[in-house]
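In the numbering used here, the protein residues as written are 535 to 1103. C-beta: ideal position from N, C-alpha, C; glycine also. Every value quoted in this text rests on a predicted model; they were computed, and no experiment measured them. See below for the structure under consideration.
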């Protein structure tokens, strides 16, 4: 991965030759660099009104890694304060993905939020951010605009989304079910509850169908966010995903079932009580745990989630018909609007918060539920760049590829502290693979090793797979070599994968090529190239291949993208 402001690498040793081969072509083993990495944590401290606190010093911060106190190696304050160290690097340009979720919001509400974003992007250009615009529906994930600072291009992408329909039908069904439950509560001609069971069973069937569809969309949306996280992980600078739209829940029928159970439980007749007792609590699923896994994955890769939802007057999937303002704080007591189903507004608020707050809390982002305006939350994202404290520490463990928990405490009363909860101690290969994935979708080719790749003809393997042969040619003159006994040694590692325009990426594959050149052939070999063939298999929809060639002696990386003929079809 290319080094960024959030990660420094100091080489404390060099690649060492562990074994010497007496003849050309025998496998060689090289150790990886002995690395001393400084992991950086951006910490945001605000007062009770959400304003940045800018006057803290290092002695007021305590850092814990995996629950144990850990020394802070480097510290600097916000760039907008007098506490800024002179040697603090300038912020690397950031990347923000505007993720419009059209599955759980009405078109009118969504388009109103899009207009707010357009206005903000059109007038606010003072910070060095690149934006990308993507959207999701019940059937598709679309990249409307790749990363750009061109506000007109971004506005065009947002307008394109505004011309499509959101999931108005599902929202209407949710509201209709709630109204029918309310009508049952309002029926006074048969207060004993006789004849209510058929109505209740009919509603149970509708709730089940609604829940199945909405839950499937929630799982799909989480998958898209995971895909985005992976594609962004190798980009430099601050990386954020701004989720705009409705809320998604892995148990979307829970509030509906609870409201129906409340209504039936207040009936005096045995028929109503029996019907209520048979209602399920919701749709059992273990997918909610996967949402926390997604949040932890994004956190360990340094990607922050910001969420803005606007349930509005008719509510969204977590809000209900007249469930009150979703801006109320968690734990609010049921209000007067809940007389037909005590606590429905509170349950709706809790359900609405669950998904977006899990993502925001783990990654150091923000979640705004029931936003009346989008602009203040986007402004908070911008303000984060100028108001964070930078804490860097040296890990006490090797690059084991595992995730490790981070906690930061501040010795100041009545302040809120935000930061990512995890970091991943990535190996050298994991860093390179992340860089390869991000370059595949967003980056530009870089070829310091002057690698050349010739492509062969695509052949069809079956209905779901094709193959393209690649001939990779690496000039020996561009590689670092070390002398060892009767030969000179080098080593390169090839990384390759395929992807598509909607950011799907196949697993990154790796091939290690050790090189031994007899001393007497060194001058002749310097003018030659290493030739290696890769057969790359890809599925329908893949439209690009990337090959990365890393010189393992000096960590230079060449990346070359190849566009598949006919978009991989």
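By Cβ distance below 7 Å, which residues in the same chain neighbour residue 900 in space, the five residues on each side in sequence not counted?
Position 366 of the chain shown, counted from the first residue, corresponds to residue 900. Same-chain partners within the cutoff: 840, 894, 911 and 914.
Sorted by chain position, which residues of the same chain lie with C-beta nearer than 8 Å to residue 999's C-beta, five sequence neighbours on each side aside?
To locate residue 999, count along the chain shown from 1; it is residue 465. The answer, listed in chain order, is 1071, 1072 and 1073.
Would you give the residue range spanned by the alpha helix (DSSP H) that residue 968 belongs to?
The residue given as residue 968 occupies position 434 in the chain shown. Where residue 968 is concerned, the enclosing alpha helix (DSSP H) stretches over 962-975.
From residue 795 to residue 789, what does the alpha carbon distance come to, in whole angstroms?
Reading the chain shown from its first residue, position 261 is the one you call residue 795. Reading the chain shown from its first residue, position 255 is the one you call residue 789. Looking at the two C-alpha atoms, the distance is approximately 10 Å.
How long is the line joining the alpha carbons of residue 534 and residue 832, rounded to whole angstroms?
In this structure the chain extends from 535 to 1103, so residue 534 is not present and cannot be described.
Could you please give the first and the last residue of the uninterrupted alpha helix (DSSP H) stretch that includes residue 738?
Stepping through the chain shown from its first residue, residue 738 is reached at position 204. From DSSP, the alpha helix (DSSP H) with residue 738 extends over 730-766.
Indicate whether the contact test is met: 3 or more Cβ pairs, each with one atom in the segment 998-1012 and one in the segment 632-650, closer than 8 Å.
no
Could you tell me the distance, in whole angstroms, from the CA atom of residue 1058 to the CA atom of residue 1065?
Counted from its first residue, the chain shown places residue 1058 at position 524. Counted from its first residue, the chain shown places residue 1065 at position 531. So the alpha carbons of these two residues sit roughly 16 Å apart.
Does the Cβ of residue 1034 have 16 or more other Cβ atoms within 10 Å, making it buried, or fewer, making it exposed?
Counting from one through the chain shown, the residue named residue 1034 turns up at place 500. So residue 1034 ends up on the buried side.
Which residue or residues does DSSP assign as beta-bridge partners of residue 1065?
Residue mapping note: residue 1065 aligns to position 531 of the chain shown, counting from 1. Partner(s): 1007.
Is residue 1016 helix, strand or coil by DSSP?
Here residue 1016 refers to the residue found at position 482 when the chain shown is read from its first residue. Residue state, collapsed to three classes: strand.
If we call anything under 9 Å between Cβ atoms a contact, is residue 765 one with residue 1028?
As a first step, residue 765 is located in the chain shown; it is residue number 231 there, counting from the start. As a first step, residue 1028 is located in the chain shown; it is residue number 494 there, counting from the start. Their beta carbons are not under 9 Å apart, which means residue 765 does not touch residue 1028 by this criterion.
On the CB-based measure, 16 or more other CB atoms within 10 Å of its CB, does residue 593 come out buried or exposed?
Mapped onto the chain shown, residue 593 falls at position 59. By the neighbour-count criterion, in which 16 or more other beta carbons inside 10 Å mark a residue as buried, residue 593 falls on the exposed side.
Does the segment 974-983 come within contact of the segment 942-959, defined as at least 3 CB pairs closer than 8 Å?
In this structure the segment 974-983 does not touch the segment 942-959; the number of beta carbon pairs closer than 8 Å is below three.
At the level of alpha carbons, what is the spacing between residue 1040 and residue 746?
The residue labelled residue 1040 in the question sits at position 506 within the chain shown. The residue labelled residue 746 in the question sits at position 212 within the chain shown. Going from the Cα of residue 1040 to the Cα of residue 746 covers about 29 Å.
Shortest alpha-carbon distance to residue 965 belongs to which of 936, 981, 993 and 1023?
Taking the first residue of the chain shown as position 1, residue 965 is located at position 431. Looking at the Cα atoms, 936 is the closest of the given residues.
Looking only at C-alpha atoms, which of 744, 688 and 942 sits nearest to residue 709?
The sequence position of residue 709 within the chain shown is 175, counting from 1. Out of 744, 688 and 942, 744 has the C-alpha closest to the C-alpha of residue 709.
Just how far apart, CA to CA, sit residue 1082 and residue 1025?
Locating residue 1082 in the chain shown gives position 548, counting from the first residue. Locating residue 1025 in the chain shown gives position 491, counting from the first residue. So the alpha carbons of these two residues sit roughly 14 Å apart.
Could you name each continuous beta strand (DSSP E) segment of 3 residues or more that falls completely within the segment 1015-1047, going from the start of the chain to the end?
Counting only runs of at least 3 residues, the segment 1015-1047 fully encloses the following beta strand (DSSP E) elements, listed from N- to C-terminal order: 1016-1018 and 1021-1033.
Using alpha carbons as the reference points, say which of 838, 934 and 1043 lies closest to residue 629.
Within the chain shown, residue 629 is the residue found at index 95, counting from 1. Nearest C-alpha to residue 629: 838.
Let me confirm a value: residue 1005 is counted as buried when at least 16 other C-beta atoms fall within 10 Å, else exposed. Which label applies?
Taking the first residue of the chain shown as 1, we reach residue 1005 at position 471. Counting Cβ neighbours within 10 Å, residue 1005 comes out exposed, since fewer than 16 surround it.
Note down, in chain order, each residue of its chain lying with its Cβ closer than 8 Å to the Cβ of residue 960, except the 5 sequence neighbours on either side.
Taking the chain shown and counting its residues from 1, one reaches residue 960 at position 426. Result list for residue 960: 535, 933, 935 and 968, in chain order.
CA-CA distance, residue 631 and residue 577?
Here residue 631 corresponds to residue number 97 of the chain shown, with the count starting at 1. Here residue 577 corresponds to residue number 43 of the chain shown, with the count starting at 1. Spanning the two alpha carbons is a distance of roughly 21 Å.
What's the call for residue 645, buried or exposed, on a 16-neighbour Cβ count within 10 Å?
Within the chain shown, the letter at position 111 stands for residue 645. Its Cβ being crowded by 16 or more others within 10 Å, residue 645 is buried.
Using 8 Å for Cβ pairs, my map puts residue 1095 next to residue 1080. What's the rounded Cβ distance?
Here residue 1095 is taken as the residue at index 561 of the chain shown, counted from 1. Here residue 1080 is taken as the residue at index 546 of the chain shown, counted from 1. Contact flag correct, Cβ pair sits at about 5 Å.
Out of 1062, 740 and 923, state which residue places its alpha-carbon closest to the alpha-carbon of residue 579.
For the purposes of this step, residue 579 is identified with residue 45 of the chain shown, where counting begins at 1. Distance check between residue 579 and each of 1062, 740 and 923 places 923 closest, using alpha-carbon atoms only.
Going by DSSP, what residues sit across from residue 666 in a beta bridge?
Against the chain shown, residue 666 aligns to sequence position 132. Looking at the DSSP assignment, residue 666 forms a beta bridge with 631.
Compare the Cα-Cα distances from residue 717 to each of 707, 704, 706 and 733 and report the closest residue.
Sequence index remark: in the chain shown, residue 717 carries index 183 (1-based). Answer by Cα proximity: 733.
Mind checking whether residue 981 and residue 1021 have CB atoms under 9 Å apart?
For this step, residue 981 is matched to residue 447 along the chain shown. For this step, residue 1021 is matched to residue 487 along the chain shown. In this structure, residue 1021 does not lie closer than 9 Å to residue 981 by Cβ.
Spatial neighbours of residue 889 within its chain, please: CB distance less than 7 Å, with the 5 preceding and 5 following residues excluded, ordered by chain position.
Translated into the one-based positions of the chain shown, residue 889 becomes position 355. Cβ neighbours of residue 889 beyond the five flanking positions: 781, 782, 783 and 825.
Buried or exposed for residue 864, please, with buried defined as at least 16 other CB atoms from any protein chain shown within 10 angstroms of its CB.
Here residue 864 refers to the residue found at position 330 when the chain shown is read from its first residue. A caution first: residue 864 carries a pLDDT of 34, below 50, which makes its placement in the model unreliable, though a value can still be read off. Residue 864 should be labelled exposed.
Once the 5 residues before and after residue 696 are set aside, which same chain residues still bring their CB inside 6 Å of it?
Against the chain shown, residue 696 aligns to sequence position 162. Within the same chain, residue 696 has close Cβ partners 645 and 648.
Tell me where the alpha helix (DSSP H) around residue 997 begins and ends.
For the purposes of this step, residue 997 is taken as the residue at position 463 of the chain shown. No alpha helix (DSSP H) contains residue 997, which DSSP labels as neither H nor E.
Look at the Cβ atom of residue 1009, then the Cβ atom of residue 1068, and state whether they are nearer than 9 Å.
In the chain shown, the residue the question calls residue 1009 occupies position 475. In the chain shown, the residue the question calls residue 1068 occupies position 534. Going by C-beta atoms, residue 1009 is not nearer than 9 Å to residue 1068.
Report the three-state DSSP secondary structure of residue 832 (helix, strand or coil).
In the chain shown, the residue the question calls residue 832 occupies position 298. It is helical.
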